[in-house]
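Engineer: In the numbering used here, the protein residues as written are 28 to 109.
Where is the CB? At the ideal position from N, CA and C, for every residue including glycine.
Pasting in a structure now, in structure tokens, and then I'll have a few things to ask.
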């Protein structure tokens, strides 16, 4: 087998690989876009969870400060004897 045949086969293989890549390129782009979209959705969900935890903690702090400012009883038991 001479060098021209080997080079011809090599060019044929390379052309076939390029053609297959170009055929599957729209599918690869679609998969990449779906992965980016999934990552963006996960990021939004993470931010929503962080905001929810922040709001919950601020409400707990607010209610604790309000409960702390309520007047206390005489001390001792909460039950009043009749």
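1) DSSP three-state label for residue 78, please.
2) Secondary structure at residue 57, three-state DSSP: helix, strand or coil?
3) What three-state label does DSSP hand residue 85 in the structure shown?
4) Please report the distance separating the alpha-carbon of residue 53 from that of residue 43.
Structural biologist: Short version:
1) If DSSP states are grouped into helix, strand and coil, residue 78 belongs with the helices.
2) Three-state result, residue 57: helix.
3) Helix at residue 85.
4) Roughly 17 Å between the two C-alpha positions.
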